[in-house]
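**Student:**
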Amino acid sequence: MNKQEILTDGYLAAYITGELSPDEAQEIETHIASDQQIRREYFDLQKTLELVAFHHSIAPSPAVKKLVMQNDTVIKNIHSPGESSGGSRYLMAASITIALISALSAFYFWNQWKDTDSRLALLTARNIEMAESYQRVNQELTGIRGDLAVLVSPEFSRIILNGTDNAADAKAVIYWNPTEEEVYLNSANLAQLPQNQQYQLWALIDGVPVDAGVFDASDGTFQIMKNIAKADAFAVTIEQSGGAESPTLSTMQVYGES
213 MNKQEILTDG
223 YLAAYITGEL
233 SPDEAQEIET
243 HIASDQQIRR
253 EYFDLQKTLE
263 LVAFHHSIAP
273 SPAVKKLVMQ
283 NDTVIKNIHS
293 PGESSGGSRY
303 LMAASITIAL
313 ISALSAFYFW
323 NQWKDTDSRL
333 ALLTARNIEM
343 AESYQRVNQE
353 LTGIRGDLAV
363 LVSPEFSRII
373 LNGTDNAADA
383 KAVIYWNPTE
393 EEVYLNSANL
403 AQLPQNQQYQ
413 LWALIDGVPV
423 DAGVFDASDG
433 TFQIMKNIAK
443 ADAFAVTIEQ
453 SGGAESPTLS
463 TMQVYGES
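Under this note's numbering, the first residue of the sequence shown carries the number 213, and numbering increases by one thereafter.
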């Protein structure tokens, strides 16, 4: 091979990575020693390969590091005096080197895959969480829009239920559309009850109480009650959990005429 071939055909890189035969390697070494341009190109290429190797290097696990150290000892023994021909030693050393490179590459890409898989799982979990949050907020907004529609609709009458002697500070508000028989209750000012008790709304029709539904003050401030087409007044009493067939007048909390 001549100088031009060495500089342009990749012989220097092949020499550095150990891909040349012993005779070719010997010829390259002779040119490096005798030709300044080839020597400078060799050192520049060697430095570049070192920088690339350090840039892409990874910290091997203890198991891989131990494997490298063991095989390094084997390679040194292969190159020691007293063995067979130089060609056989070179081929065996090259085989071990290739095996080590393959093992380190597999370890590197396994780590990369593991990291990517973890990030994908985290991203998927975050997307699910965001979707659930969006759905929850969307449902809340839909409920708020419905409540506002009731509050501003001229079809709904607003009936204030004031506290009785049993609960002077209590107050509730009824929004009632007799045409559609819809009844909404704002119970924000009612006190919490024990678990075995519930509030019950009554519609008074010609003096007769009609069940309009049971509710808990903790269920929210704006609740849909049973349909009522006609009522002279509304009242709320405290009953056992599940409600009663007739109101316990002694526990009446609020009252208001329609």
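Ideal Cβ placement from N, Cα and C applies to all residues, glycine included.
Bear in mind that the values here come from a model prediction, so they are computed numbers and not experimental data.
From Asp221, Met437, Gln404, Asp256, pick the residue whose C-alpha is nearest to that of phenylalanine 446; which is it?
**Tutor:** By 1-based counting over the sequence shown, the position of residue 446 is 234. Checked all of Asp221, Met437, Gln404, Asp256; the closest Cα to phenylalanine 446 is Met437.
**Student:** Helix, strand or coil for leucine 334, going by three-state DSSP, please let me know.
**Tutor:** Position 122 of the sequence shown holds residue 334. Residue state, collapsed to three classes: helix.
**Student:** Quick one: give me the first and last residue of the beta strand (DSSP E) that threonine 449 is part of.
**Tutor:** To locate residue 449, count along the sequence shown from 1; it is residue 237. Looking at the DSSP string, the run of the beta strand (DSSP E) that includes threonine 449 is 445-452.
**Student:** Less than 7 Å between the C-beta atoms of glutamine 465 and alanine 379, yes or no?
**Tutor:** On the sequence shown, residue 465 is found 253 positions in, with the first residue counted as 1. On the sequence shown, residue 379 is found 167 positions in, with the first residue counted as 1. Yes, they are a contact pair.
**Student:** Pull up the distance between the alpha-carbon of isoleucine 450 and that of valine 420, whole angstroms please.
**Tutor:** As a working note, residue 450 is residue 238 in the sequence shown. As a working note, residue 420 is residue 208 in the sequence shown. If you take the alpha carbons of isoleucine 450 and valine 420, they lie about 18 Å apart.
**Student:** Relative to the alpha-carbon of valine 395, which residue among Ser246, Val426, Glu344 has its alpha-carbon at the smallest distance?
**Tutor:** Locating residue 395 in the sequence shown gives position 183, where the first residue counts as 1. Selected option, being the one with the closest Cα: Val426.
**Student:** On the criterion of 16 or more Cβ atoms from any shown chain inside 10 Å, does histidine 267 qualify as buried, or is it exposed?
**Tutor:** Your numbering for residue 267 matches position 55 in the sequence shown. Low local confidence applies: a pLDDT of 47 at histidine 267 is under 50, so the model's placement there is unreliable, with the coordinate-based value given in what follows. Answer is exposed; the Cβ neighbour count stays below 16.
**Student:** Could you spell out where the beta strand (DSSP E) holding lysine 383 opens and where it closes?
**Tutor:** On the sequence shown, position 171 is the one that residue 383 refers to. 383-389 is the span of the beta strand (DSSP E), which, as asked, contains lysine 383.
**Student:** When the Cα atoms are used, what is the spatial distance from leucine 334 to glutamate 344?
**Tutor:** Locating residue 334 in the sequence shown gives position 122, where the first residue counts as 1. Locating residue 344 in the sequence shown gives position 132, where the first residue counts as 1. Rounded to whole angstroms, leucine 334 to glutamate 344 spans 15 Å at the Cα level.
**Student:** Please name the residue, chosen from Leu257, Thr391, Leu413, Gln409, that lies closest to lysine 383 on a Cα-to-Cα basis.
**Tutor:** Counted from its first residue, the sequence shown places residue 383 at position 171. For lysine 383, the nearest C-alpha among the options comes from Leu413.
**Student:** Run through DSSP, which three-state label would valine 399 get?
**Tutor:** Within the sequence shown, the letter at position 187 stands for residue 399. Note on identity: in this sequence residue 399 is serine, with valine being the wrong assignment. Serine 399: coil per DSSP, three-state reduction.
**Student:** According to DSSP, glutamate 469 sits in a beta bridge with which residue or residues?
**Tutor:** On the sequence shown, residue 469 is found 257 positions in, with the first residue counted as 1. Note: glutamate 469 sits in a beta bridge opposite Ala445.
**Student:** For glutamine 404, name the three-state secondary structure that DSSP assigns.
**Tutor:** Against the sequence shown, residue 404 aligns to sequence position 192. In the structure shown, glutamine 404 sits in coil (DSSP, three-state: anything other than H, G, I, E or B).
**Student:** Assuming the contact rule is C-beta atoms closer than 8 Å, alanine 429 and alanine 403 should be a hit. Round their C-beta distance to whole Å, please.
**Tutor:** By one-based count along the sequence shown, residue 429 stands at place 217. By one-based count along the sequence shown, residue 403 stands at place 191. Yes, they are in contact, since the Cβ atoms of alanine 429 and alanine 403 sit about 7 Å apart, within 8 Å.
**Student:** Measure the C-alpha to C-alpha separation of proline 459 and proline 406 and round it to an integer number of angstroms.
**Tutor:** Numbered from its first residue, the sequence shown carries residue 459 at position 247. Numbered from its first residue, the sequence shown carries residue 406 at position 194. C-alpha separation (whole angstroms): 18 Å.
**Student:** What is the rounded straight-line gap between the Cα of glycine 455 and the Cα of glycine 375?
**Tutor:** Locating residue 455 in the sequence shown gives position 243, where the first residue counts as 1. Locating residue 375 in the sequence shown gives position 163, where the first residue counts as 1. For glycine 455 and glycine 375, the distance between alpha carbons rounds to 20 Å.
**Student:** To the nearest angstrom, report how far apart glutamine 248 and serine 233 are at their CA atoms.
**Tutor:** Residue numbering aside, residue 248 sits at position 36 when the sequence shown is read from its first letter. Residue numbering aside, residue 233 sits at position 21 when the sequence shown is read from its first letter. Roughly 23 Å separates the two Cα atoms.
**Student:** Going by DSSP, what residue range makes up the beta strand (DSSP E) through proline 421?
**Tutor:** In the sequence shown, residue 421 corresponds to position 209, counting from 1. Unbroken beta strand (DSSP E) run through proline 421: 420-427.
**Student:** Compare the Cα-Cα distances from aspartate 256 to each of Gln238, Leu219, Val448 and report the closest residue.
**Tutor:** As a working note, residue 256 is residue 44 in the sequence shown. Closest by alpha carbon: Leu219.
**Student:** Which residues bound the beta strand (DSSP E) around serine 430?
**Tutor:** Within the sequence shown, residue 430 is the residue found at index 218, counting from 1. Serine 430 -> no beta strand (DSSP E), and no H or E assigned at all.
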